[in-house]
Structures are given as structure tokens and as C-alpha cells.
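There are 2 protein chains.
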Amino acid sequence: MNPTDIPGRLDRIAREDGALGAFWQVDAAGALAARPAQGALRGLAVGIKDNVDVAGLQATAGLAAFRGRVAAADAPCVAALRRAGAVILGKLAMHEGALGATTDTPGFGRCINPLRAGHTPGGSSGGSAAAVAADFVDLAVGTDTMGSVRIPAAYCGVVGLKPTAGLLGRSGVVPLSPSLDHLGTLARTAAMAARGVEAMVADDPADSGFRPAPAGWCAVPNAPAEPAGLRVGLPQPVLDAAMEPAIRAAWMAAAAQLRRIGASVVPVAMPAWNPTAARRAGLLLIEAEAAALHPALIDDPRAASPEFRAALAFGRDAGTVRLVRALFHLAEVRAAVLRALDACDVLLMPTAPQRAFPHGMLAPVDQADFTALANIAGLPAISTPWPAEDGGLPCSVQLVGRAFAESLLVGLVQVLCTDHAPG
Amino acid sequence: MNPTDIPGRLDRIAREDGALGAFWQVDAAGALAARPAQGALRGLAVGIKDNVDVAGLQATAGLAAFRGRVAAADAPCVAALRRAGAVILGKLAMHEGALGATTDTPGFGRCINPLRAGHTPGGSSGGSAAAVAADFVDLAVGTDTMGSVRIPAAYCGVVGLKPTAGLLGRSGVVPLSPSLDHLGTLARTAAMAARGVEAMVADDPADSGFRPAPAGWCAVPNAPAEPAGLRVGLPQPVLDAAMEPAIRAAWMAAAAQLRRIGASVVPVAMPAWNPTAARRAGLLLIEAEAAALHPALIDDPRAASPEFRAALAFGRDAGTVRLVRALFHLAEVRAAVLRALDACDVLLMPTAPQRAFPHGMLAPVDQADFTALANIAGLPAISTPWPAEDGGLPCSVQLVGRAFAESLLVGLVQVLCTDHAPG
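Sequences listed follow chains A and B, in order. Sequential numbering from 3 applies to the first sequence in the numbering used here. Sequential numbering from 3 applies to the second sequence in the numbering used here.
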């Protein structure tokens, strides 16, 4: 792949991002001065979510309390991207504290979906998805605690890849919930998202969740995926869930396409997984872990929005019995997914129950109902756009696989659909 | 192996157990009427800790609240033992609620160490260790949340095996802390303990922690272990810890023996593991999980001892922030063990810092400091007796291995020392 025209991208950002707000900080000088390493991402334009440290740039996590904070050093995943040749263009918009999925962030501004004016790009990695969809960057780094890479990828019509828990070390990333936080990538193609994840793999002794990948692991498939004989599960709790009709139609079309190319596609029961209850249990864990990590934010009205502080206060005050019950529930859900993936090779479902909606509308509570599953189970998941039958904003479907099965998921997206360029 | 003389064992129990109190319920009629299956344990005498369900027998967990409770069905692990030919002789003494390590249980009585009158057998599986040491049974089932199989095995001079987390389904076992609870076995030889664990493996869909063993897994080695070239780590935090001189001498003798037979034995740093802090964090998790599982016990003075109820009340009232910090600490410890086991094949350390002590003495706080590590990390561990240089009560050393490396641990114990019959 040829290196990207970095000055051209910077020009485009300067011209177009005023209307979008995907970037919170553009490092034009740094990008133009970069001497990209000879690696898999040589000369490609990369944007980084604003909760990941890039040396010399701000790292606010969208929290007023962290405004003005400048990272002294690259996070290990960013250093790994540079070793692979990435050119870092700057820091991308995100939902406040990575807790929420509209990227309408008090004091930092609204990020706009490049596919439709006035609409949310989703979140929390909303700027990451918008920057990819607007062709500002070839690759964006996001974080995903209950769906924060895949939901904005879905809303903006790009690919989102959240790899297996532990694969990508999270030092230098502002933590929200270490039990559920993952790094991930967004790009216009599954192959590019996979190259980004591969490039970010680096030892991270300071992250207790880091686990070395098994020998021979890769994210970019070595050969085209072979769907014949593959067992694809459609989770019954998702079949039973409410969603936009266009979303359901896109999901069924993707299932039909997999059948057509030889996979066996069957419902899987998963009675222990109630998407609403699981998302709520996950949210309590997030609130409790965030409260333990960021106690100073809770009682300082200048530190964050009332909503963010209330969420952490709820976690702080919920009590151990309530938290333990949530953890027990999450363990049941995890066991249910692992059992489902004994019977199936992958699970196929929509990424989110809805498409992008206008800013200012109350965010649907179920945005993360389908994505949270892969965080709870620590399993890899990829979301890919799928055209809407009504011709409107794109839909998106999601594949969840076994631990370290990234290359199968990426290969399936490649055969499932020609990778869609946004809009 | 020949079937055991079941009537002879029952006679011995009738004659000798009055002084020991290893059994809380002997099922002589059931044992004599048993028609053992043709399996790996055919006709062997087995005792079951009183927190594991055996159809028709009591299952009290040593809690006053559960006195009179009779199990309607066998726990899956007990059913699996019967399928392997085990003859169940009855239910064994344990520390109240499996939370503690002396087996001096209010309202149920003291279990006495068969090796020395008036001394504790350890706990919480004290009756399991005593029944094996007294030759009442060939195999005993115990449970181990921070060391409750291995500590009594150590105090009573027998072998204790706590397998990998998830290998043995725990349905039908009174839970204390699902995050840390494990089933395990006690026997006079490592081979017998391993046969017991192998026999207990059975699917358990109701236990969200159950994980199928990898293909080809076994606990009984297929061939003698080959220590040449094996890397054995001595954790520096244990080298730095306080312990009885005889315990340290036994540990060093076992290390020297491993060196003699070809292993390389080296200290491993593990700075993130502070055994005291890790045990305390584990204890808080236990208290919080037990409080969530058994809320009715906390405020009912007739349900359990003041000490037990106070522990659960502490867990209930500790608050989410304190619990989350404990969980973060445990994650750091887990990461430290996994890193140590990247550099080493096994870790070698004492089982407990002390030998059996007289009943009535205040229990040392550090009993589980060395054993809790394997529960926190979910890794297999085996404890084996080692003669004391002072000729007194036996010492014990413990090997901790990688997930599902049971057969390596068992094989090493076999070559490390002739299996010791209790003194």
C-alpha cells in the first residue's frame, strides 16, 4: 500500500473538520515532520482517541478535569503504531469519559456524523469513526468498554474491530473499567482495521490484563476465509429483541449471504443472556470501577458533567452485595457465550439496535445491548457496515468469535461483503 | 488396585473416630449396600466434605443454619465419583462455612489431627485430611478457596490436589466465594489424588465457572516426569516471608532434590505479589461474595458463629470502592503469577508457613498466605508432605503450575519424593 498524502489529509481536515469536529487536536507540524518507519503501516494517516496518550499532545478523555493534560510519552500501543510506520495526525473527539455513545461532550463540543448533518456519530469513539468516514485518516484507534468502537463504526458506516481481551496492553489509556476496557481500531476495510490491531500488539507489563497472543496468532488472514461448513449462530435473545426493521433486515440479509456461500446458520438459545440485564450489570461494574479509579471527579462540579459524576457516585454507593450480584450475572453471561461458541464457530448479530440518530435526541438505552456481550466475555468482535434496504443511513452487523479468532472474523467480513466505503 | 475392605474401614472408623471426629455422618448401610461401578476408583473408600451434596446424607457446611439439611441428589462431582466406582462412606468434618483453617466448628465439634492428639488437622477440609491420614478412606473430597485442601493436607501429612479453576464443576457444593472456590482431593499418594480429580471431571452446565479441559488433558501422568531441564521458580516474596525454620528447611531440601534430579531451580522476583496483601484482598472478596450468597445468615444469631457472621457483615458493608480495589489487586497478583510461569515451568514453595498447632491456640493469620496464590490465579497446585528435619510433625511443600498442567505437578511429586504414608 502506498503511503498516504499527509499534507493532502491535513488540508482536508483543515477544510472540512470545522463542520464535523472529529479532531480535538491536529498535530500538523508533527505529522509533516514524521519520518515513518518501514512497517506494515508505513506512511499511513492515523488518528488517536483522546483517552490514549500521544507524547506531547493533550489527553483529556473528554473530561473537564483532564483539560490541559499533555501526555509525556506515547502509550505502548501508540509507540507500536509508530514502529509500524504510522503517522499520527492528532487526537480525536470522544464521549465524556468514554461513558456514553453520542459524542456530545460538555465543554468539548458535538462531533457530527459525516454521513448526515446534525446526527451523532455514536460513541464513545465518535471522533474515531467520523475521522475514518470523512477520509481524514486511514486508521483510527478507539476504546471499547461495552461497544465504544463498534457502535460509532456502525453509525458512521465503517469497520470496527475489538480484539480479544488482553491482546492489546492498555497502559497510557485513561481507564474507565479495567475489567471491560479494550483498545480497538476503526477503518474503511476489515483488512486495515486488522493491520492496525496487529501493529498495536506489544508487551505491556504494567497492564495486569495483558496476555500474550498464542504462537502464530494474526489478525490479517493468511488466506481467504472458507465459509463452507462454518457454523454461524444467531443468538435467540437478539432474535427476540427490539430493533429497527432495517437493522433486522440487514442482519437477515447477512445471514442469508453466509448461507449462500456455504455456512450453516442456526439460532442458538443462550437463555442465560438477557441483553438488557447484562448491559445493566456491566454498567454497574463500570460505574464501580470508575469510582474506585477516579474518586476525585465525583464531588467536584468542575471535574465532569452532573451525569458523569452521578454515574460514578452510583457505583461508589451501590454496595458490595449489589456489585457482587452484578459480577455473578456477568459470569453467567460469559459462560453462556462460551457454551454457544462450543456449538458455533461465530455468532452473527446486529451491532446496535438502531442507526445514527439526531444529536439532541435522548440516546436510546439499548445502544450497547448487543455489543456489550463481547466485552463481558472478553471475546473478539468485528462490526461491518451493511446497506440499508430503505436506502437510508447504513446498518451494521457484528461477528463475535472465540478467543484470538480475529483472523477468522476479518476473513469472514471480507467474503461476506465487499468492504463498504462510507456514504 | 484391589477394592478396599469396606467393612474393615467401617470397623476402624467405629473404633477410632470417636477420638478424632473426622466423620460427621457415616453411611455404613449405604457403603455396605453399594455395588461399585467398574471404573478407575472401583471399590475404593471415599469420604466427602460436608459442604458437598451426597444424596440422602446431611450437607451442613458446618453452619448451624444448615443443620438438618439433607441433600436430595448427588452433586455432579459425587455422581461422577460413583460412576468411577467409588464407595461413599460418609460426610467429613470441616471448618464452619469453609471460612477458616482449624476445623474447630461451633456446635459440630473439634476434629483432631491423627498425627498428634489435641492438634488441629487444619482446615477448612480438616475432616478430609484427618480421614485420609487415619486410613479411614482412600480418597477424600475437599474444597479449597484460599488453601482449604492443601493446608489440612499439609498439617496431616497427606497429599492435597487443587486443580485448575473450572475443571471441576461445583454444582451441589455450598458456595463460599465462586470466584475462588475450587473442589479438590486428598489422598496418601499423588497418584490417588490425581485419580480422584480425573474421576470427578463431568460437565456442569449450572456452574458458570465450569470450563471443559483441553483435549488430551489428564491428571494421572502417562509416563514418569522428566525433571531434566525443567525450570522451577522459588518466589522471592516467599523467600522473604516468615515461616517456621523446619518449613524453610523442608522447602530448601525439596529444591535441592529437584536440582539433584536435573531441574534448574531459581528465585523469581514477583514484586507485585505481597502474600499478606493478596490474602487480605482475597478474604474481602470471599466475605463480599459470601454476603451476597448468604444474606440470611448475617443477622441471625442462631445461623452461625459471631465470627462468621461478622466476616460476612464486613463484606456486605465494605463498599464497592474497597471491593473494586481488592479486585484490582488480585488482578495484579494473577498477572504476576502468569508472568512468573512464562519464565518457569512450575513454582515451588511451602504449603503453609507453619505445621499443625494445638487446638485452642489462636490461629496464625498467615495460614493461607502461600496457598491463596493458586486460587487467585486459578492455577493447579499440589501439596505433598516432606519430613521435618527435627523429626516432629511433617512439613509440606507445594507446586503451582500452568493451567491444566496437573499431570506435570503429580509426576513431579512422584519423582520428588516417595509418597509419604502419614506418620
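Where is the CB? At the ideal position from N, CA and C, for every residue including glycine.
Chain A contact residues for residue i, given Cβ-Cβ distances below 8 angstroms
i        : result
B:Pro297 : Val323
B:Pro180 : Phe330, Ala333
Cutoff 7 angstroms; reference residue i; Cβ partners in own chain excluding five residues on either side
i        : result
B:Ser181 : Leu287, Glu291
A:Ala251 : Glu391
B:Asn4   : none
B:Glu18  : Ala136
A:Phe310 : Glu98, Gly99, Leu101
B:Glu246 : Pro355, Gln356, Arg357
B:Leu314 : Glu289, Ala292, Ala293, His296, Leu299, Ile300
C-beta atoms of residue i and residue j nearer than 7 angstroms
i        : j        : result
A:Ala24  : A:Ala95  : yes
B:Ser385 : B:Gln400 : yes
B:Gly49  : B:Ala133 : yes
B:Cys397 : B:Ala248 : yes
A:Val234 : A:Val348 : yes
B:Ser150 : B:Ser179 : no
A:Ala306 : A:Leu65  : yes
A:Phe372 : A:Trp219 : no
B:Ala195 : B:Leu163 : yes
B:Pro2   : B:Val199 : With chain B covering only 3 through 425, there is no way to say anything about residue 2 of chain B.
A:Ile8   : A:Val28  : no
B:Ala131 : B:Pro123 : yes
A:Gly99  : A:Ala63  : yes
B:Gly92  : B:Ala39  : no
B:Val161 : B:Val54  : no
A:Val326 : B:Ala189 : no
A:Ile153 : A:Ala354 : yes
A:Val323 : B:Arg318 : yes
B:Leu185 : B:Thr145 : yes
A:Arg197 : A:Gly168 : no
B:Leu117 : B:Leu395 : yes
B:Arg71  : B:Ala61  : yes
A:Pro387 : A:Gly129 : no
B:Met202 : B:Pro237 : no
Within chain B, the residues that residue i reaches when beta carbons sit closer than 7 angstroms
i        : result
A:Glu18  : The contacting residues do not exist; A:Glu18 stays about 42 angstroms from chain B at best.
A:Val326 : Ala290, Glu291, Ala294
Spatial neighbours of residue i in its chain, beta-carbon cut-off 6 angstroms, leaving aside the 5 residues before and after
i        : result
A:Ala204 : Pro78, Ala82
B:Trp275 : Pro239, Val335, Ala338
B:Ala383 : Lys164, Ala376, Gln400, Val402
A:Ala379 : Arg336, Val339
B:Val267 : Val234, Ala257, Leu260, Arg261
B:Trp253 : Pro352, Val399
Listed by chain order, chain A residues near residue i by CB distance under 9 angstroms
i        : result
B:Val270 : Correct list: empty, because the minimum Cβ distance to chain A is about 14 angstroms.
B:Arg336 : Ser210
Interface residues of chain A facing residue i [CB-CB closer than 7 angstroms]
i        : result
B:Gly317 : Thr322
Residues near residue i in its chain [Cβ-Cβ closer than 8 angstroms; skip 5 each side]
i        : result
B:Thr6   : Gly45, Leu46, Ala47, Val89, Asp140
B:Val417 : Pro226, Ala227, Pro229, Ile263
B:Ala193 : Val222, Val412, Gln416, Asp421
Residues sharing a beta bridge with residue i, DSSP
i        : result
B:Leu141 : B:Val48, B:Ala189
B:Ile90  : B:Val48
B:Gln60  : B:Val72
B:Met1   : Residue 1 of chain B cannot be examined here, being either before or after the span of chain B that is shown, 3 to 425.
B:Gln27  : B:Lys93
B:Arg233 : B:Ser266
B:Val54  : B:Val175
Residue i Cβ short of 6 angstroms to the ligand ATP heavy atom set
i        : result
B:Leu188 : Summarising the ligand content, the structure contains no ligands, and the ligand ATP is consequently not present.
Exercise. Where in the region 164 to 229 of chain A do unbroken runs of the alpha helix (DSSP H), each at least 4 residues long, occur, reported from the N-terminal end onward?
Worked result: DSSP runs (the alpha helix (DSSP H)) wholly in the region 164 to 229 of chain A: 192 to 202.
For this session: Go through the region 360 to 414 of chain B residue by residue and report every complete run of the beta strand (DSSP E) that reaches 3 residues or more, in order.
Result: 383 to 388, 397 to 403, all fully within the region 360 to 414 of chain B.
For this session: Report the residue ranges of all alpha helix (DSSP H) runs contained in full by the region 92 to 165 of chain A; include only those spanning at least 4 residues, in chain order.
Result: The region 92 to 165 of chain A contains these whole alpha helix (DSSP H) runs: 128 to 135, 152 to 158.
Exercise. For the region 235 to 286 of chain B, which segments carrying the beta strand (DSSP E) assignment without a break, of at least 3 residues, lie completely within its bounds, in sequence order?
Worked result: Fully enclosed beta strand (DSSP E) runs of no fewer than 3 residues occupy 266 to 270 of the region 235 to 286 of chain B, in order along the chain.
Problem set entry | Unbroken stretches of the alpha helix (DSSP H), 4 residues or longer, contained in the region 287 to 313 of chain A | Runs of the alpha helix (DSSP H) inside the region 287 to 313 of chain A: 297 to 300.
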